[in-house]
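The structure appears right after this line, and notes come after that.
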Amino acid sequence: MSARLLLIATPIGNPEDITLRALRALREVDELYAEDTRVTADLLRHHGIARATRSCHDHNEDARADEIVAHLEAGRTVGVVSDAGTPLISDPGFRVVARVRGAGFGVDVLPGACAAVAALIGSGLPTDQFAFGGFLPASGPALRARLAELAGFDGTLVFYESPRRLGATLDVFAAVWPDRQVVVARNLTKDHEQWISGTAVAARAALAAETRGEVVLLVGRGAPEAVDPDTRILSLLAEGMDAKQVRDVVAAQTGLPRREIYARILTLRG
Ligand code: SAM
Numbered sequence: 003m004s005a006r007l008l009l010i011a012t013p014i015g016n017p018e019d020i021t022l023r024a025l026r027a028l029r030e031v032d033e034l035y036a037e038d039t040r041v042t043a044d045l046l047r048h049h050g051i052a053r054a055t056r057s058c059h060d061h062n063e064d065a066r067a068d069e070i071v072a073h074l075e076a077g078r079t080v081g082v083v084s085d086a087g088t089p090l091i092s093d094p095g096f097r098v099v100a101r102v103r104g105a106g107f108g109v110d111v112l113p114g115a116c117a118a119v120a121a122l123i124g125s126g127l128p129t130d131q132f133a134f135g136g137f138l139p140a141s142g143p144a145l146r147a148r149l150a151e152l153a154g155f156d157g158t159l160v161f162y163e164s165p166r167r168l169g170a171t172l173d174v175f176a177a178v179w180p181d182r183q184v185v186v187a188r189n190l191t192k193d194h195e196q197w198i199s200g201t202a203v204a205a206r207a208a209l210a211a212e213t214r215g216e217v218v219l220l221v222g223r224g225a226p227e228a229v230d231p232d233t234r235i236l237s238l239l240a241e242g243m244d245a246k247q248v249r250d251v252v253a254a255q256t257g258l259p260r261r262e263i264y265a266r267i268l269t270l271r272g
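Residue numbers for the sequence shown follow the numbering used here, beginning at 3 and rising by one.
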């Protein structure tokens, strides 16, 4: 095979969720770069593949990109894998691909498991349009602002979420999108795979006190009937929220600009 970069998808849990082409590439590429060499060693061992790997992660990706281009210039094939699923999807590798393409070398994708797509197709939510939002911000105000940006999207929203933050995130969803359907897809393809579906309040109630494992969080599109912003502002103010909280919640529910909502709040309150 001529010098090329191969982006190789690996399983997200069940080690058998890997393609024949990926297994062959893992065996045959001249150089294999892994996000965490110990994690990839377990996968290789499971499939009876004995070979060396080198690390390529967020903290050394630029240096590794130079190294990978040098391998390609020497006529070698290079594979890249992440710890699980499709490399570059909320995982390192984008800078490597940009550098490799910039240097004029070919890139082959070896598709396979991806937690976002697995969760989407099993969720029961519409798949005709979806947006992948990666990991949501951890802080409350940044999270509300992000949801405000996404509020107008007419399709299913898909996020990766830490199990530690899941409860707090569902609380914010319950405040801003009380009527939307939420799906929590946990530990896909593993033991203890779990699907929770309902409103954010119901999903929150169904969670075990301590949630472990890995989670994809999905949200269905908003109800077609528009939320009346003035009615919502008045009811949230009556609940005791301050003006900025009301602005963020109403922005997330209506998709209207935050500045415009803030002006309405001041008028209605005044
Ligand atoms: N590149 C991976 C992919 O293709 O899905 C995603 C890597 S990202 C760093 C890891 C996140 O993916 C986890 O925090 C979780 O949100 C999600 N994830 C990965 N495996 C999962 C699984 N088996 N079940 C549910 N979510 C999973």
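Even for Gly, the Cβ is constructed at its ideal location relative to N, Cα and C.
Based on Cα-Cα distance, which residue from the options lies nearest to residue i?
i      : options                         : result
Asp230 : Thr88, Ala207, Thr55 and Ile267 : Ile267
Val80  : Leu28, Leu236 and Gly114        : Leu28
Leu220 : Ala210, Ile198 and Pro113       : Ile198
Ala118 : Leu7, Val218 and Gly142         : Val218
Tell me the DSSP bridge mates of residue i?
i      : result
Gln196 : Arg188
Asp110 : Leu8
Ala356 : As displayed, the chain neither begins before 3 nor continues past 272, which places residue 356 out of reach and without an answer.
Gly87  : Thr12
Leu220 : Val160 and Val185
If I follow the unbroken beta strand (DSSP E) through residue i, where does it start and stop?
i     : result
Glu33 : Glu33 to Ala36
Please list, in chain order, all residues of the same chain as residue i whose beta carbon is under 8 Å from its beta carbon, the five residues on each side excluded.
i     : result
Ala52 : Leu46
So, with DSSP's three-state summary, where would you put residue i?
i      : result
Thr55  : coil
Gly124 : helix
Gly81  : strand
Ala67  : helix
His61  : coil
Ala76  : coil
Glu227 : Residue placement at Glu227 is flagged as unreliable, the pLDDT there being 49, under the threshold of 50; the coordinate-derived value follows with that caveat. It is coil, neither helix nor strand.
Starting from residue i, trace the alpha helix (DSSP H) both ways and give me its first and last residue.
i      : result
Gly104 : Phe96 to Gly104
Asp250 : Ala245 to Thr256
Gly169 : Pro165 to Val178
Asp44  : Thr39 to His48
Ser237 : Pro231 to Ala240
Gly142 : Gly142 to Leu152
Do we get a CB-CB distance below 8 Å when we pair residue i with the residues of chain B?
i     : result
Cys58 : Annotation note: the requested chain B is absent from the structure, which comprises a single protein chain.
Within its chain, find whatever has a CB closer than 6 Å to the CB of residue i; leave out the 5 residues flanking it on each side and keep chain order.
i      : result
Glu195 : Asn189
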